[in-house]
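Number of protein chains: 4
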Amino acid sequence: MFNKLNEKCGVFGVFGHLEAARLAYLGLYALQHRGQESAGIVTSDGRRMYSYLGMGLVADIFNRDNLDKLPGYLAIGHNRYSTTGLSYLKNVQPLLIKYAKGQLAIAHNGNLINTDMLREQLEKEGSIFQSTSDTEVILHLIAKANGIPLEDAIIKSLRQIKGAYSLLLSTPDTMIAVRDPYGVRPLCLGKLGEAYVIASETCALDLINAKYIRDIEPGELLIINEKGLKSIKFATQNKSAMCIFEFIYFSRPDSYIFGRNVHMIRREYGKQLALETKIKADLVIPVPDSANSAAVGYAEQSGIPFETGLIRNHYIGRTFIEPDQQIRDFGAKIKYNPVREVLKNKKVIVIDDSIVRGTTSKKLVKMLYEAGARQVHLCISSPPIIGPCFYGIDTPTKKELIASSHTVKQIKEYLGVESLHYLSREGLLKATKIASAKFCCACFNDEYPIK
Amino acid sequence: MFNKLNEKCGVFGVFGHLEAARLAYLGLYALQHRGQESAGIVTSDGRRMYSYLGMGLVADIFNRDNLDKLPGYLAIGHNRYSTTGLSYLKNVQPLLIKYAKGQLAIAHNGNLINTDMLREQLEKEGSIFQSTSDTEVILHLIAKANGIPLEDAIIKSLRQIKGAYSLLLSTPDTMIAVRDPYGVRPLCLGKLGEAYVIASETCALDLINAKYIRDIEPGELLIINEKGLKSIKFATQNKSAMCIFEFIYFSRPDSYIFGRNVHMIRREYGKQLALETKIKADLVIPVPDSANSAAVGYAEQSGIPFETGLIRNHYIGRTFIEPDQQIRDFGAKIKYNPVREVLKNKKVIVIDDSIVRGTTSKKLVKMLYEAGARQVHLCISSPPIIGPCFYGIDTPTKKELIASSHTVKQIKEYLGVESLHYLSREGLLKATKIASAKFCCACFNDEYPIK
Amino acid sequence: MFNKLNEKCGVFGVFGHLEAARLAYLGLYALQHRGQESAGIVTSDGRRMYSYLGMGLVADIFNRDNLDKLPGYLAIGHNRYSTTGLSYLKNVQPLLIKYAKGQLAIAHNGNLINTDMLREQLEKEGSIFQSTSDTEVILHLIAKANGIPLEDAIIKSLRQIKGAYSLLLSTPDTMIAVRDPYGVRPLCLGKLGEAYVIASETCALDLINAKYIRDIEPGELLIINEKGLKSIKFATQNKSAMCIFEFIYFSRPDSYIFGRNVHMIRREYGKQLALETKIKADLVIPVPDSANSAAVGYAEQSGIPFETGLIRNHYIGRTFIEPDQQIRDFGAKIKYNPVREVLKNKKVIVIDDSIVRGTTSKKLVKMLYEAGARQVHLCISSPPIIGPCFYGIDTPTKKELIASSHTVKQIKEYLGVESLHYLSREGLLKATKIASAKFCCACFNDEYPIK
Amino acid sequence: MFNKLNEKCGVFGVFGHLEAARLAYLGLYALQHRGQESAGIVTSDGRRMYSYLGMGLVADIFNRDNLDKLPGYLAIGHNRYSTTGLSYLKNVQPLLIKYAKGQLAIAHNGNLINTDMLREQLEKEGSIFQSTSDTEVILHLIAKANGIPLEDAIIKSLRQIKGAYSLLLSTPDTMIAVRDPYGVRPLCLGKLGEAYVIASETCALDLINAKYIRDIEPGELLIINEKGLKSIKFATQNKSAMCIFEFIYFSRPDSYIFGRNVHMIRREYGKQLALETKIKADLVIPVPDSANSAAVGYAEQSGIPFETGLIRNHYIGRTFIEPDQQIRDFGAKIKYNPVREVLKNKKVIVIDDSIVRGTTSKKLVKMLYEAGARQVHLCISSPPIIGPCFYGIDTPTKKELIASSHTVKQIKEYLGVESLHYLSREGLLKATKIASAKFCCACFNDEYPIK
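Just so you know, the protein sequences line up as chains P, V, D and H, in that order.
The opening position of the first sequence corresponds to residue 1145 in the working numbering, with each subsequent residue numbered one higher.
The opening position of the second sequence corresponds to residue 1145 in the working numbering, with each subsequent residue numbered one higher.
The opening position of the third sequence corresponds to residue 1145 in the working numbering, with each subsequent residue numbered one higher.
The opening position of the fourth sequence corresponds to residue 1145 in the working numbering, with each subsequent residue numbered one higher.
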């Protein structure tokens, strides 16, 4: 249960469609799981650019009126995930600015690791910052790269930044998609009639009936305008470092990420986990919805029946008021309720995608025992998280990660489960069926591919 | 896929707790699946009553500020489902009025069938109506029954109304729960410390850690005040007529309704359906989330693997803007996306809870074929709906019900499926394991228990 | 400075114009000074009635969208003044209900004095009340008067109520204007092309270019529908009791009330006040804007120059946050600032319309002295208020009225003025130039015309 | 009637008070007449800075909640006037940015004339702009002036900009007030206990009981922090160029601007106008409220009685919906209504402060004639406006100024008045009683002091 701190951004763009803003609205809606804090759309009619940003869910921010005020055939959009403390309107993307060459907008999924240094340097040279987001640094670098064509200015800027970035940029007449040389975050290209579409995940293409063409490649800059597509390889990289957590937790099961269907990968994780653990139990239940796929795989492989042991409440809304002191110990109850009839006197294998701090898992286990489970075996469809992520997965510090300072046995005792099993690192990579060297697994092995 | 027209109301009440309003908030949140159009809470501090109502989701309507303005130890709350055209604030419940005996509030789950007549009669005698809801009629009847104690006035009024009603009433110092003589809609009693709790479903008791005591019985009036509980049987009824659709679709799987766990019942429906159909297929997939339980049962009984073939988007928000003409044929796509990798070249059994008009099912089937399914077999975990519901399940008219005018074979052809199977009526009742005479199955057999 | 507790309601109606809702919007805007708490408009297209109500100013409540949802050729509207504690949406008018004869709406300016009794009686007979307003009683009485034509039902109801009422009623096809037998509050008839217009004050006719026809007479019921006008005298009254405070404070100076221009009347009050007081001073200044007219008259008569000694801030907005303890003694400063250069070392005559509690006047006087005035003479353009108003001028209780328990000399000392003068009762009536018997002056002489 | 396009900004700052945000709120409220489009407050607790901005009136934007989130002892605030088309949140001031030296906020009253050039230069060097406001240029210049103390950086920046500027800057621990070398816009210093206060006009000092100390001098930079006050003369200027329109229209009558009370100056304009015009008439009436003071002076000098001939409606609200085509010719009616009884058959002298395009004046004159005036003489308390303003008085282009292309006689005919009189330039300056060379009168004489 990789928690909400780790939810990722979603980006979506369309070039060459008369209803660009509405397609962006739909695309962002399909990518809502990547960020629920805020969303924005910037459009262009070829001459002027328009922007509308807001806090909350896509379907709550946009309405007919504000979509009608976003004319044009080009649109880029962004869903932002919740970060600590800095959730104000100035940080909502896409950022739209005016600089020497005119208007420029940017939407960014990822996290840069050398912005402090770059920001300091830029400020020394007189740049001023409106937001606290890394993304603004990219705009300043582009603006500084003066006297050269935009294309070159962008490439020059990209060569200065380090970290994870899947970007969408827009000028009044051109949309540009960029994926960092390591390909940490996904980004794909699709086509809808004559229009080109860019999205973080293929599920956004599906919703608008766009056809998937290909992934934007690591180190690729794709320029889309009236002349068509122009691809530039701005970096050559021996070693990609795709985030393994896109498979484990971030992406939607119906999406194809890094060329593979997420559900099928998770299903394999579940099967592999079953191979690695020889538990005798009555039932396999997922923590819904993120562990559903792995639980199906586990059940299939183990022959132990798949069941629904927890019901998830999806109506959490914008701001749920936690009850006061007299009404206590809510923990995971706001989100999950056990199906007692299923659990009563049963030996239960619970599948979850990951454990971060362990506090929520502990409450969930307690809930299952109180609901009558005789034994709770917790099986995690990924290895222990021992290192924080620096490329955008806003994980807690190392200290807060329970697996960085505790053995599996200690965690088992803390959680109070009958047994605790993690998918092995080898099992994870084997099940993924992509060369292991292509992934960043820093959170599992402390080896950070980007220095 | 019994659609949103059929979503039901939820009622929740608490007597004797210092945080009555917050408990009602939590209870309504747990019952959110029974109505998403509007919600309200009325509280009392023993002398004066307070009210807050709003449009939308419970978690969006209420906040610390307005909950703080609902003091008292008694609270009743209501979630309203979406009806056609009359969704304005005056219809939001609980209704709170002032009449000869002081303040009186009411929250109603169900539908009355003789209100036109009663309303006409009341208007003839000079009553004026503020809302278009049936529920206001009950208040008028109580107000008219003057010169007798409230208890008697309520009973006198209940004897005049016909239809389905699970009610919560509140005066400044008393909470009253009522279930109609047929017991059409569920209503249960729980206890939280010294406080009494009433809820449409037990899942609301679970969230606040209240203990389930018993169901309010058909024809029972339960008075709760400082003196404790007082139960009055205001009607004797030989034949109960519990709504079978509470099992099939309305209630949450973790709830116990009419004494039975909903998930287990649905699982039985799935098993029974598997027994009745002998389909050779590669996969069983549910239309999530309402058919999840039945699909688990079907898979178990048939031995055909359970899979996740459709992903549901839960972020629909308050008002989703449908795309304009150029972006067409959305149909079920806003809600569901297929997992192509799962479906590709597969013979798929799709489990759904019901078919109303057939239009959404048709789009869903098309979506599955387009995603690559070789065969789509549609199995419905309930019998064909041939009659509209008059007791609150705002079904379309008979004409609009596809099964009222088409044979299964015709529907199969309309939907374009390889095969179409409904759970038999006998199978349904057998799987339910409650004497069939106790249910209203009018939607399946056109026999309306309440004249 | 008769304060905001005394602000009055405004009513406005139009029959026979295709833009009825927009005209009502304009009319209510022109009558905004009579009530700023809330406003509403009910329209009819001849068959169905539509309603939109809100809290705040007319120009903030209504917009293109909600005005567009108020179709029809008939509209009635209402501005509500601020009362103590009961400012919630259910009390916003016009009230719109459904009863035996169909839909009925009402907008009421005034106050009834026998509603407690009537309400009790109605409740005994089973009526239920949604609001705490007097006005709802009228609807119940009409609804009770069954079996007779609406016209007769209204008359029968009016004969039961006592107090002040200028009413607008609307059915789907008819607008009805009513003025109580004493004519306490104003109400006039105008014409705009073929359309009929009803308004509390003529300034609302001016804004929409409607022509003033005549006042609705005391005891008159005017029925306006497709057949034209029909006037019924439902009460004969020897003695009218028009509220003298409409002249002194409530109405807009540009309006004609009871056949006379308000500004000219107030100017006469100022002149009469100058005749009655023989003060030697350098300047005459009004408390703006309510005493502007009287100050002009006083200056003219006395020959002492008129000056602007206080500037009024009109931007108070919906909710002004009073500063906390550290920033003290704001008093009248939020509203008024002295022009020191004008006041410095001057003997100043300050004209105000009335004194209620005296607290604000005291602060104002202090402000003027601090601004450098050598002498402050306070001249009030009405007599001392010794009795509360029961007909809608939500005055404080008798005890709170400073003049009910203090002599003029005591008040002078309390306020700290050089001299204090009230317009004499004889002077008031003489200056009004209407037979004194036609007015209710209960607040000045404790003689209440309506028992 | 210098219209709303010309309304000016207001700035307010306080240093050294525990309720800095609330004082800023009050100060902005007192300065509301200088800008009603938007407002903002930035505070500092010595380490961190906080910001809250919004569209609309001060009293509508701020509430207890958001004021409570603006802690600290230092606050600067800004009211913005309405400009054409660019009224979005990014332009709302104070602007708050982060640059090499930390956080910096700015609030600006005035208009720069060389920003296009500066902006182009800055953009060439890589600066990016978030807003379309001139003010952002100042921040960029300061940020570019790196490696030198803030004080010097500001001075260096100020020497590059040309135009009108009364500025408030804030770092986390210092407030800085600046007035341009010509002193175009007013800015004054006050003291409240130990706290220092800066405001556009003295009326803001009055409201919070602060004592006026002195004006910020043209070309002065005043640094306020824990060490006290430090004044730097960053420019020496032989010739000041104070905006004469601050006297004529912009400022509040109770304020002291450039050392003189505005009401008394306007009164003198009226007297001088009376001396220059020898009209025989029955009445003198102002266009309220901006011409009130001049009308009082005119009446006194001429001996013709002062009267109230127009009533102003102050309830215009945030967005007034203009009526549609069928309800025409509203013109000035939304704002003014004539007092017919005053005007009937009278020869009327109307005093207004200025004529811009002439369209509103024409409607007003028509309104007065229709109300019964026999003669309308229009007397303007300032000379004909023949040149647009480049220093912040967003006047229309020269072409649109009626007096730039028409003789007084032609304007008289266009307006349809009996006679039209402007105050002479000599009269204006004589009445102002300040050496004429000290003013910018470019709008009257086309001589622009700042090149």
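Backbone N, C-alpha and C define an ideal beta-carbon position, used for all residues, glycine too.
_Using a Cβ-Cβ distance cut-off of 8 Å, determine whether TYR1124 (chain H) contacts chain D._
Absent from the structure is residue 1124 (chain H), since the part of chain H shown begins at 1145 and ends at 1595.
_Tell me the DSSP secondary structure of GLN1237 (chain H) in three-state form._
Position 93 of the fourth sequence holds residue 1237 (chain H). Three-state result, GLN1237 (chain H): coil.
_Start-end ranges of the beta strand (DSSP E) lying completely within the region 1537 to 1573 of chain V, minimum 3 residues_ = Listed in chain order, the beta strand (DSSP E) elements of length 3 or more contained wholly in the region 1537 to 1573 of chain V are 1563 to 1566.
*Which of the residues in the region 1266 to 1285 of chain V, read from start to end, lie with their CB under 9 Å from any CB of chain D?*
Cβ contacts with chain D: LEU1266, GLU1267, LYS1268, GLU1269, GLY1270, SER1271, ILE1272, PHE1273, GLN1274, SER1275, THR1276, GLU1280, LEU1283, HIS1284, LEU1285.
*Please name the residue in D:VAL1500, D:GLU1444, D:MET1193 whose C-alpha comes closest to that of TYR1413 (chain D).*
Residue 1413 (chain D) sits at position 269 when you count from the first residue of the third sequence. Looking from the CA of TYR1413 (chain D), the closest CA among D:VAL1500, D:GLU1444, D:MET1193 belongs to D:GLU1444.
*Can you tell me which of the three DSSP states TYR1413 (chain D) falls into?*
Mapped onto the third sequence, residue 1413 (chain D) falls at position 269. In the structure shown, the three-state DSSP call for TYR1413 (chain D) is helix.
*Which stretch, first to last residue, makes up the alpha helix (DSSP H) that contains ASP1350 (chain H)?*
The residue given as residue 1350 (chain H) occupies position 206 in the fourth sequence. Its alpha helix (DSSP H) spans residues 1346 to 1351.
_Buried or exposed (CB count within 10 angstroms, at least 16 for buried), GLY1291 (chain H)_ = Translated into positions along the fourth sequence, residue 1291 (chain H) becomes position 147. Taking every protein chain shown into account, the CB of GLY1291 (chain H) has fewer than 16 other CB atoms within 10 angstroms, so this residue is exposed.
_Ordered list of alpha helix (DSSP H) runs contained in the region 1467 to 1520 of chain H, each at least 4 residues_ = If we require 4 residues or more, the alpha helix (DSSP H) runs fully inside the region 1467 to 1520 of chain H come out as 1484 to 1487, 1503 to 1514.
*Pairwise C-alpha distance: ASP1496 (chain P) and TYR1393 (chain P)*: Numbered from its first residue, the first sequence carries residue 1393 (chain P) at position 249. Numbered from its first residue, the first sequence carries residue 1496 (chain P) at position 352. Rounded to the nearest whole angstrom, the C-alpha separation of TYR1393 (chain P) and ASP1496 (chain P) is 10 Å.
*Spatial neighbours of VAL1155 (chain V) in its chain, beta-carbon cut-off 6 Å, leaving aside the 5 residues before and after*: Residue 1155 (chain V) sits at position 11 when you count from the first residue of the second sequence. So the list reads HIS1222, ALA1251, ASN1253, LEU1312, SER1344, once near-sequence residues are dropped.
_Uninterrupted alpha helix (DSSP H) stretches inside the region 1424 to 1454 of chain P (no shorter than 4 residues)_ = If one requires a minimum length of 4 residues, the alpha helix (DSSP H) runs lying completely within the region 1424 to 1454 of chain P are 1436 to 1446, in chain order.
*Secondary structure of ILE1185 (chain P), DSSP reduced to three states*: Numbered from 1 along the first sequence, position 41 holds the residue referred to as residue 1185 (chain P). Strand.
_Per-residue contacts from GLU1451 (chain P) into chain V (C-beta, under 7 Å)_ = Position 307 of the first sequence, counted from the first residue, corresponds to residue 1451 (chain P). Within 7 Å of the CB of GLU1451 (chain P), the CB atoms of chain V belong to VAL1440, in sequence order along the chain.
*Quick one: does the C-beta of ILE1205 (chain P) sit closer than 7 Å to a heavy atom of the ligand HEM?*
No copy of the ligand HEM occurs in the structure displayed, which carries no ligand at all.
*Which whole-angstrom value is the C-beta distance of CYS1347 (chain V) and ASP1398 (chain V), which I expect to be below 8 Å?*
As a position in the second sequence, residue 1347 (chain V) is number 203, starting the count at 1. As a position in the second sequence, residue 1398 (chain V) is number 254, starting the count at 1. The Cβ separation is near 5 Å, so the contact holds.
*Under the DSSP definition of a beta bridge, which residues are partnered with LEU1170 (chain P)?*
For the purposes of this step, residue 1170 (chain P) is taken as residue 26 along the first sequence, with counting starting at 1. Its beta-bridge partners do not exist; DSSP assigns none.
*If the cut is a Cβ gap below 8 Å, which residues of chain V does TYR1243 (chain D) touch?*
In the third sequence, residue 1243 (chain D) corresponds to position 99, counting from 1. Correct list: GLU1267, GLY1270, SER1271, ILE1272, PHE1273.
*Contact set between the region 1184 to 1205 of chain P and chain V, restricted to residues whose Cβ is under 8 Å from the partner*: Those residues of the region 1184 to 1205 of chain P that come within reach of chain V (Cβ to Cβ, closer than 8 Å) are LEU1201, VAL1202, ALA1203, ASP1204.
*Residues near GLY1160 (chain P) by beta carbon distance below 7 Å, same chain, minus five either side*: Translated into the one-based positions of the first sequence, residue 1160 (chain P) becomes position 16. Answer for GLY1160 (chain P): TYR1217, GLU1338, ALA1339, TYR1340, listed in chain order.
*asked:* Within 8 Å, do at least three Cβ pairs link the region 1369 to 1386 of chain V to the region 1548 to 1567 of chain V?
replied: Flag = no, the region 1548 to 1567 of chain V and the region 1369 to 1386 of chain V do not touch.
*In chain H, what lies closer than 8 Å to ASN1353 (chain P) by C-beta?*
Taking the first sequence and counting its residues from 1, the one referred to as residue 1353 (chain P) is at position 209. Simply none; closest approach about 34 Å.
*Listed from N- to C-terminal order along the chain, which residues in the region 1395 to 1421 of chain P have their beta-carbon within a distance smaller than 7 Å of any beta-carbon of chain V?*
Identification of residues in the region 1395 to 1421 of chain P having a C-beta nearer than 7 Å to some C-beta of chain V yields ARG1396, PRO1397, ASP1398, ASN1405, HIS1407, MET1408, given in sequence order.
*Helix, strand or coil: how does DSSP classify ASN1369 (chain H) here?*
Within the fourth sequence, the letter at position 225 stands for residue 1369 (chain H). If DSSP states are grouped into helix, strand and coil, ASN1369 (chain H) belongs with the strands.
*Drop a sphere of 10 angstroms on the beta-carbon of THR1541 (chain H), count the other beta-carbons inside from all chains shown, and report buried for 16 or more, exposed for fewer.*
In the fourth sequence, the residue the question calls residue 1541 (chain H) occupies position 397. It counts as exposed.
*Could you check what DSSP says for ALA1586 (chain V) in three-state terms: helix, strand or coil?*
Translated into positions along the second sequence, residue 1586 (chain V) becomes position 442. In the displayed model, ALA1586 (chain V) falls within a helix according to three-state DSSP.
*So is LYS1543 (chain D) in contact with chain V if we call contact Cβ pairs under 8 Å?*
Taking the third sequence and counting its residues from 1, one reaches residue 1543 (chain D) at position 399. No, because no Cβ of chain V sits closer than 8 Å to the Cβ of LYS1543 (chain D).
*Using the beta-carbon count (16 or more within 10 Å), is ALA1581 (chain P) buried or exposed?*
Taking the first residue of the first sequence as 1, we reach residue 1581 (chain P) at position 437. Around the beta carbon of ALA1581 (chain P), fewer than 16 other beta carbons sit within 10 angstroms, so the residue counts as exposed.
*Determine the direct distance from the alpha carbon of MET1386 (chain H) to that of LYS1556 (chain D), and round the result to whole angstroms.*
As a first step, residue 1556 (chain D) is located in the third sequence; it is residue number 412 there, counting from the start. As a first step, residue 1386 (chain H) is located in the fourth sequence; it is residue number 242 there, counting from the start. CA-to-CA, the gap between LYS1556 (chain D) and MET1386 (chain H) works out to about 46 Å.
*With 8 Å set as the bound, which would you pick, yes or no: does the beta-carbon of PRO1330 (chain H) sit closer than that to a beta-carbon of chain D?*
In the fourth sequence, residue 1330 (chain H) corresponds to position 186, counting from 1. When Cβ-Cβ separations below 8 Å define contact, PRO1330 (chain H) makes no contact with chain D.
_For ASN1369 (chain D) and LEU1294 (chain D), the rounded distance between their alpha carbons_ = Start at 1 with the first residue of the third sequence, and residue 1294 (chain D) comes out as number 150. Start at 1 with the first residue of the third sequence, and residue 1369 (chain D) comes out as number 225. Distance between the alpha carbons of LEU1294 (chain D) and ASN1369 (chain D): 13 Å.
*Does DSSP put GLN1304 (chain V) in a helix, in a strand, or in coil?*
The residue labelled residue 1304 (chain V) in the question sits at position 160 within the second sequence. Collapsing the DSSP output to three states places GLN1304 (chain V) in coil.
*Is LEU1132 (chain V) buried or exposed, if buried means 16 or more other CB atoms sit within 10 Å of its CB?*
No answer is possible for residue 1132 (chain V): it lies beyond the span of chain V, which begins at 1145 and ends at 1595.
*Under the three-state DSSP convention, the category GLN1274 (chain H) falls into*: Within the fourth sequence, residue 1274 (chain H) is the residue found at index 130, counting from 1. Note: GLN1274 (chain H) maps to coil in three-state DSSP.
*Report back the beta-carbon spacing between GLY1571 (chain V) and GLU1390 (chain V) to the nearest angstrom; my notes put them in contact at under 8 Å.*
For the purposes of this step, residue 1571 (chain V) is taken as residue 427 along the second sequence, with counting starting at 1. For the purposes of this step, residue 1390 (chain V) is taken as residue 246 along the second sequence, with counting starting at 1. Rounded to whole angstroms, the Cβ separation of GLY1571 (chain V) and GLU1390 (chain V) is 18 Å, and the two are not in contact under 8 Å.
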